[in-house]
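Asks:
As structure tokens, then:
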């Protein structure tokens, strides 16, 4: 991949060697690279722990981001404090960079809520499960930023942009294509970040597109770039550039982060039915974490104590997730009626009261048929 | 308030009343934005937004690309950014490409976010038949939306309600599907803006009566009033209720009337099967059982796709079919 594909932006080879690119450079020192390494390890541990918890029956489902840590951490860490994210349901690494409590991600998959984090405070909007729908939300939000006059002010503290995440499968959805059109037409400050992980459940990328995805952008009138999604430095550089372009009023960019879904689509999936183990082995050699570790080791920027510290921190995270998850309370169905509307309707209030009385009647032992009349 | 805007009292069409209401909303809140196909320079295919882009600018009255899901999906994003989008779907039959965004996103956001995020979006949809249009331009899709938790659904029947209801819908922090009876766009009424409106989610008795309750909304209100007048000539006193709000339904007003009359007929253009009439019949049966002297009867569109326009007058409930239902109900 690294040497055979001139279209691919890469700054760190799978062997952990830094290389130059004529247009993009990673801005950051050894400490920032160590920070990215730590983020990726923590994301992987979160993901591994969640998969284990699903297998143990504690989560209904988990959508693993295994192998995509470079794409997610590199893009997440490229954001300014004013930028906002619209994720799919797999952006656990991006959520990590924005300080979303991993437990709240797991809450959704355990079935205790439908998204427990505060998306305004974290700037990480709710997971969207209908494929591609969030691309339009991201675009509309970006149109709002533009209307607020927060694009191209020249003040980097004020200017803002949006990253809309989606996968290769989503590029076939009408909503993603409509989002491209709206964003282009209104010159919205948005970065479309497509993680091409090669598989949409069982369907390979060839079923979605006969050309490299990033080239689709030119048909919509904005630039597209393909970056090595397993190269956290290149992803950071390319995303920073695209965000800066959006914030300064130059409109959207499509980034195709070329990566691989190392795990199943979700814990309900069985990828052995549709893809070869060889392919997995091929991509294992391009692991986003191993290459940064090789680089840090080779250059002497990090020693064994550093790696041991990160491992130990990841262990703590895993323990905290496990303990916290098991103590999450189930929701109260009666209370859920409260949030259907801002202003509840009389009909719903009556139904809520009825159910509250009905369920209480079982507890108090005085349930009778008459109470069942609504 | 523009060339055709109402003064204290004025004769105004339903389309102009909506225009005046939208203008008031745009003036009252800088976060209100309008979006839709052809709503800017053209002023909408029914001219409901005429002159608004000229007066409020392209940033507030947005000519959208021709993509309904895009219109609603970007409105969701703008609402999350603090705006109050008012979207126009050009015709009833064109709303379906946006169905996912409306049902899965607009309707559910407040619930999914445990009340942290509001969706103050209004989706205006000209609806109903009777204008001799080609297919997909005459439908009555209200049940899909009234069936969806998280949405509120209203429909105006006259210029006065149109003026107030559009402003009330825009002021609502909940998403509102706002149906406009396109065949009544050009009907006129006296609008006195000094008379305050009734709450958005309330029905109104538009003709009092004692023998039978007629429940209708939107374009059928005029048809039912005509039918009630004809029935009166035969000595029958029909009470006509304009539902105005389809979700939530103002059950109290309906129940009060049917307990008095003991007879109820529901009239709508939408196909009868699982239409609003089914829900109304169920609620009336549950709450007025001991007052009923006849089953609740429904007069609706037939359960066929909307027909070619040359026979739409046969398909749509008209005065005779409504009176036939009155006869049948009172014959019990």
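Residue numbers (the numbering used here), protein chains in the order written: chain A, 2 to 375; chain B, 29 to 360. We put the CB at the ideal spot given by N, CA and C, even for glycine.
Between B:307, B:144, B:99, B:216, which has its C-alpha nearest residue 152 of chain B's C-alpha?
Replies: Walking along the second chain from the start, residue 152 of chain B turns up at place 124. The candidate whose alpha carbon is nearest that of residue 152 of chain B is B:99.
Asks: Distance, Cα to Cα, residue 254 of chain B vs residue 188 of chain B?
Replies: To locate residue 254 of chain B, count along the second chain from 1; it is residue 226. To locate residue 188 of chain B, count along the second chain from 1; it is residue 160. Each residue's alpha carbon lies about 19 Å from the other.
Asks: Is there a Cβ from chain A that is less than 8 Å from the Cβ of residue 285 of chain B?
Replies: In the second chain, residue 285 of chain B corresponds to position 257, counting from 1. False, the Cβ-Cβ gap to chain A never drops below 8 Å.
Asks: Closer than 8 Å by beta-carbon distance: list the chain B residues that pair up with residue 342 of chain A, in chain order.
Replies: Start at 1 with the first residue of the first chain, and residue 342 of chain A comes out as number 341. Near residue 342 of chain A (Cβ distances below 8 Å), the residues of chain B are 138, 178, 180, 202.
Asks: Quick one: any contact between the segment 229-249 of chain B and the segment 265-272 of chain B, if contact means 3 or more CB pairs under 8 Å?
Replies: Because the criterion of three Cβ pairs below 8 Å is met, the segment 229-249 of chain B and the segment 265-272 of chain B touch.
Asks: Anything in the segment 95-108 of chain B with a Cβ closer than 7 Å to a Cβ of chain A? List those residues in chain order, please.
Replies: Per Cβ criterion, the list reads 95, 97, 98, 101, 102, 103, 104, 105, 106, 108.
Asks: Would residue 169 of chain B pass as a contact of residue 208 of chain B if the rule is Cβ separation under 8 Å?
Replies: Within the second chain, residue 169 of chain B is the residue found at index 141, counting from 1. Within the second chain, residue 208 of chain B is the residue found at index 180, counting from 1. It is not a contact, given that the beta carbons lie outside the stated cut-off.
Asks: On the DSSP letters alone, give me the boundaries of the alpha helix (DSSP H) that residue 39 of chain A sits inside.
Replies: Here the question's residue 39 of chain A lines up with position 38 in the first chain. Its alpha helix (DSSP H) spans residues 31-56.
Asks: Taking only beta-carbon atoms, is residue 96 of chain A less than 8 Å away from chain B?
Replies: What you label residue 96 of chain A is simply residue 95 of the first chain in a count that begins at 1. Judged by the 8 Å Cβ criterion, residue 96 of chain A is not in contact with chain B.
Asks: Pick out whichever of A:54, A:41, A:136 has its Cα sitting closest to the Cα of residue 94 of chain A.
Replies: For the purposes of this step, residue 94 of chain A is taken as the residue at position 93 of the first chain. Residue A:41 is the option with its Cα nearest to residue 94 of chain A.
Asks: Quick one: does residue 32 of chain B have its CB under 8 Å from some CB of chain A?
Replies: In the second chain, the residue the question calls residue 32 of chain B occupies position 4. The pLDDT assigned to residue 32 of chain B is 47, lower than 50, so where the model puts this residue is not dependable; a value taken from the coordinates is nonetheless given after this. For residue 32 of chain B, the answer is no, since every Cβ of chain A falls outside 8 Å of its Cβ.
Asks: Shorter than 8 Å from the beta carbon of residue 277 of chain B to some beta carbon of chain A?
Replies: Walking along the second chain from the start, residue 277 of chain B turns up at place 249. Answer yes: the Cβ-Cβ gap between residue 277 of chain B and chain A drops below 8 Å somewhere.
Asks: Between residue 31 of chain B and the rest of its own chain, which residues show a CB-CB distance below 7 Å, the 5 nearest in sequence each way excluded?
Replies: Taking the second chain and counting its residues from 1, the one referred to as residue 31 of chain B is at position 3. Confidence is the limiting factor: at residue 31 of chain B the pLDDT is only 44, short of 50, which leaves the residue's position unreliable, though a coordinate-based value still follows. Closer than 7 Å at the Cβ level, and outside the excluded window around residue 31 of chain B, lies no residue.
Asks: Beta-carbon within less than 7 Å of residue 43 of chain B's beta-carbon, same chain only, minus the 5 sequence neighbours each way: which residues are those?
Replies: As a working mapping, residue 43 of chain B is identified with position 15 in the second chain. Hits under 7 Å: 74, 75, 76, 213, 214.
Asks: What does DSSP give as the partner residue(s) for residue 205 of chain B in the beta ladder?
Replies: Numbered from 1 along the second chain, position 177 holds the residue referred to as residue 205 of chain B. According to DSSP, which records beta bridges pairwise, residue 205 of chain B is partnered with B:151, B:181.
Asks: On the CB-based measure, 16 or more other CB atoms within 10 Å of its CB, does residue 160 of chain A come out buried or exposed?
Replies: One-based indexing of the first chain puts residue 160 of chain A at position 159. Flag for residue 160 of chain A reads buried.
Asks: Please return the same chain residues whose Cβ sits closer than 8 Å to the Cβ of residue 244 of chain A, not counting the five positions on each side in sequence.
Replies: By one-based count along the first chain, residue 244 of chain A stands at place 243. Hits under 8 Å: 79, 80, 81, 84, 162, 164, 192.
Asks: Could you tell me which residues DSSP pairs with residue 258 of chain A in its beta bridges?
Replies: Here residue 258 of chain A refers to the residue found at position 257 when the first chain is read from its first residue. Per DSSP, A:196, A:228.
Asks: Which residues does DSSP pair with residue 39 of chain B in a beta bridge?
Replies: Sequence index remark: in the second chain, residue 39 of chain B carries index 11 (1-based). Answer is B:218.
Asks: Leaving out five residues on either side along the sequence, give the residues of the same chain with a beta carbon under 6 Å from the beta carbon of residue 353 of chain B.
Replies: On the second chain, residue 353 of chain B is found 325 positions in, with the first residue counted as 1. Counting only Cβ-Cβ distances below 6 Å, and skipping sequence neighbours, we find 293, 325, 327.
Asks: Look at residue 265 of chain A and residue 254 of chain A and say whether their C-beta atoms are less than 8 Å apart.
Replies: Start at 1 with the first residue of the first chain, and residue 265 of chain A comes out as number 264. Start at 1 with the first residue of the first chain, and residue 254 of chain A comes out as number 253. No, these two residues do not count as a Cβ contact at 8 Å.
Asks: If you pair each beta-carbon of the segment 221-231 of chain B with each one of the segment 311-326 of chain B, do three or more pairs fall below 8 Å?
Replies: With a cut-off of 8 Å, the segment 311-326 of chain B and the segment 221-231 of chain B do not count as touching, because too few Cβ pairs lie within range.
Asks: Counting Cβ pairs, one atom from each stretch, are 3 or more of them under 8 Å apart for the segment 105-121 of chain A and the segment 315-329 of chain A?
Replies: Result yes; three or more Cβ-Cβ pairs closer than 8 Å.
Asks: Of all Cβ atoms in chain A, is any one closer than 8 Å to the Cβ of residue 319 of chain B?
Replies: Taking the second chain and counting its residues from 1, one reaches residue 319 of chain B at position 291. For residue 319 of chain B, the answer is no, since every Cβ of chain A falls outside 8 Å of its Cβ.
Asks: Quick check: the segment 112-129 of chain A against the segment 133-143 of chain B, are at least 3 beta-carbon pairs closer than 8 Å?
Replies: As far as the Cβ criterion goes, the segment 133-143 of chain B touches the segment 112-129 of chain A, which means the pair count is three or higher.
Asks: In chain B, which residues lie with their C-beta within 8 Å of the C-beta of residue 182 of chain A?
Replies: Taking the first residue of the first chain as 1, we reach residue 182 of chain A at position 181. Per Cβ cutoff of 8 Å: 93, 95, 98.
Asks: Which term fits residue 64 of chain A, buried or exposed, when burial requires 16 or more other beta carbons within 10 angstroms of its beta carbon?
Replies: Working through the first chain from its first residue, we reach residue 64 of chain A at position 63. Residue 64 of chain A comes out buried.
Asks: First and last residue of the beta strand (DSSP E) that includes residue 325 of chain B?
Replies: Start at 1 with the first residue of the second chain, and residue 325 of chain B comes out as number 297. 325-329 is the span of the beta strand (DSSP E), which, as asked, contains residue 325 of chain B.
Asks: Any idea what DSSP makes of residue 120 of chain B, helix, strand or coil?
Replies: The residue labelled residue 120 of chain B in the question sits at position 92 within the second chain. Three-state DSSP puts residue 120 of chain B in a helix.
Asks: Would residue 164 of chain A pass as an interface residue toward chain B - the criterion being a Cβ-Cβ separation below 8 Å?
Replies: One-based indexing of the first chain puts residue 164 of chain A at position 163. No, residue 164 of chain A lies away from the interface with chain B (no Cβ there is under 8 Å from its Cβ).
Asks: With a cut-off of 8 Å, does the C-beta of residue 128 of chain B fall near any C-beta of chain A?
Replies: The residue labelled residue 128 of chain B in the question sits at position 100 within the second chain. With 8 Å as the cut-off, residue 128 of chain B counts as an interface residue toward chain A.
Asks: On the DSSP bridge assignment, give the partners of residue 64 of chain B in chain order.
Replies: Here residue 64 of chain B corresponds to residue number 36 of the second chain, with the count starting at 1. DSSP, once it has assigned bridges, lists B:91, B:116 as partnering residue 64 of chain B.
Asks: Buried or exposed for residue 39 of chain B, please, with buried defined as at least 16 other CB atoms from any protein chain shown within 10 angstroms of its CB.
Replies: Residue 39 of chain B sits at position 11 when you count from the first residue of the second chain. Per the 10 Å Cβ criterion, exposed.
Asks: Report yes or no: is there a C-beta of chain A within less than 8 Å of the C-beta of residue 144 of chain B?
Replies: Locating residue 144 of chain B in the second chain gives position 116, where the first residue counts as 1. Interface residue, yes.
Asks: Chain A partners of residue 110 of chain B, CB-CB under 9 Å?
Replies: Translated into positions along the second chain, residue 110 of chain B becomes position 82. Correct list: 145, 149.
Asks: How far does the alpha helix (DSSP H) with residue 265 of chain B in it reach, from first residue to last?
Replies: Residue mapping note: residue 265 of chain B aligns to position 237 of the second chain, counting from 1. Note, residue 265 of chain B: premise wrong, no alpha helix (DSSP H); not H, not E.
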